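S.K.: Residue numbers (my numbering): 5 to 242.
All C-beta atoms in this analysis are idealised placements derived from N, C-alpha and C, irrespective of residue type, glycine included.
Small disclaimer: the values here were computed from a predicted structure and weren't measured.
Before I ask anything, let me first share the structure, which is written out below as structure tokens.
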């Protein structure tokens, strides 16, 4: 990795790092307040696909977090950008509360399959429709492939197992747009006007947050507040 430069930006994960559902992680608001006092830019980057950016912002503000909508970069945003670029008409396997972020996207006669976290839609009929579309040539787009996520009642399946199931059944490979993809991090950093060597990533997921950041050329800082429940074996590459 190239030599480190002066720190200009901090990317922060949300779910599991600052909050778990409707509960703030203890001390998270104070930590964010302290970070705001430093001369660095802050961007909140999340794979959350259960709700729109607006709903997510309202949830965080109810928990007394000081942030603005323009500071949030989501995997839904990255997915929308790809759909617009490729002019796809998607079958959206996302929760209804997330559909707002795809307003204006043509979903008539879909020719692409987009999979996020959609517990209410992960049923045989819907997944079989997606499977048949992929067999007919529709690209499979994974908003992310997280294996699980943290809820108040424990860990829960993420979209990754369902994406992997479709990949296996249709003998295809999904295009992933969220963490830990390098393009996700570079896109977020481009909005801040800084390079990976000038930024760090803070998150609770070893693979998606820390590993993804390191692969993008950033430093990765792991917090043990959400998904990280196992003994740490982190290989620092900086």
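Going by DSSP, which residues form a beta bridge with residue 165?
M.R.: As a working note, residue 165 is residue 161 in the chain shown. DSSP lists no partner for residue 165.
S.K.: Any idea what DSSP makes of residue 211, helix, strand or coil?
M.R.: Locating residue 211 in the chain shown gives position 207, where the first residue counts as 1. If DSSP states are grouped into helix, strand and coil, residue 211 belongs with the helices.
S.K.: Going by the CB atoms, is the gap between residue 163 and residue 148 shorter than 8 angstroms?
M.R.: Residue 148 sits at position 144 when you count from the first residue of the chain shown. Residue 163 sits at position 159 when you count from the first residue of the chain shown. A contact, by the Cβ cut-off of 8 angstroms.
S.K.: Please give me, in chain order, every unbroken run of the alpha helix (DSSP H) with length at least 4 that falls completely inside the stretch 58-111.
M.R.: 79-90
S.K.: Apart from the five residues on each side of it in sequence, which residues of its chain come closer than 7 angstroms, Cβ to Cβ, to residue 184?
M.R.: The residue labelled residue 184 in the question sits at position 180 within the chain shown. Closer than 7 angstroms at the Cβ level, and outside the excluded window around residue 184, lie 211, 212, 215, 216, 219.
S.K.: Helix, strand or coil: how does DSSP classify residue 197 here?
M.R.: The residue labelled residue 197 in the question sits at position 193 within the chain shown. DSSP places residue 197 in coil when its eight states are reduced to three.
S.K.: Can you find at least 3 beta carbon pairs, one from the stretch 123-143 and one from the stretch 35-45, that sit closer than 8 angstroms?
M.R.: Taking one beta carbon from each stretch, the stretch 123-143 and the stretch 35-45 have fewer than 3 pairs nearer than 8 angstroms; the two do not touch.
S.K.: Taking only three categories from DSSP, how would you classify residue 130?
M.R.: As a first step, residue 130 is located in the chain shown; it is residue number 126 there, counting from the start. Residue 130 falls in the helix class under three-state DSSP.
S.K.: So what's residue 136 in DSSP terms, helix, strand or just coil?
M.R.: In the chain shown, the residue the question calls residue 136 occupies position 132. Residue state, collapsed to three classes: helix.
S.K.: Can you give me the C-alpha to C-alpha distance between residue 43 and residue 175, rounded to a whole angstrom?
M.R.: Taking the first residue of the chain shown as 1, we reach residue 43 at position 39. Taking the first residue of the chain shown as 1, we reach residue 175 at position 171. Each residue's alpha carbon lies about 48 angstroms from the other.
S.K.: Report all residues from its chain with a CB closer than 8 angstroms to the CB of residue 155; omit the five preceding and five following residues, and keep chain order.
M.R.: Here the question's residue 155 lines up with position 151 in the chain shown. So the qualifying residues of the chain are 24, 25.
S.K.: Over what stretch of residues does the alpha helix (DSSP H) that includes residue 216 continue unbroken?
M.R.: Within the chain shown, the letter at position 212 stands for residue 216. That run of the alpha helix (DSSP H) goes 216-219.
S.K.: Output yes or no for whether 8 angstroms exceeds the beta carbon distance between residue 87 and residue 47.
M.R.: In the chain shown, counting from the first residue as 1, residue 87 sits at position 83. In the chain shown, counting from the first residue as 1, residue 47 sits at position 43. The answer is no: Cβ separation not under 8 angstroms.
S.K.: Please check the pair residue 201 and residue 193, which I expect to be a contact at CB under 8 angstroms, by giving their CB distance rounded to whole angstroms.
M.R.: Translated into positions along the chain shown, residue 201 becomes position 197. Translated into positions along the chain shown, residue 193 becomes position 189. The pair is not a contact, with the Cβ atoms about 10 angstroms apart (cut-off 8 angstroms).
S.K.: Measure the beta-carbon distance from residue 105 to residue 84 and round it to whole angstroms, keeping in mind my assumption that it falls under 8 angstroms.
M.R.: For the purposes of this step, residue 105 is identified with residue 101 of the chain shown, where counting begins at 1. For the purposes of this step, residue 84 is identified with residue 80 of the chain shown, where counting begins at 1. With 8 angstroms as the limit, residue 105 and residue 84 qualify as a contact, their Cβ atoms being about 6 angstroms apart.
S.K.: Thinking C-alpha only, which one of 112, 21, 19, 45 is nearest residue 203?
M.R.: Taking the chain shown and counting its residues from 1, one reaches residue 203 at position 199. Among 112, 21, 19, 45, the Cα nearest to that of residue 203 is on 45.
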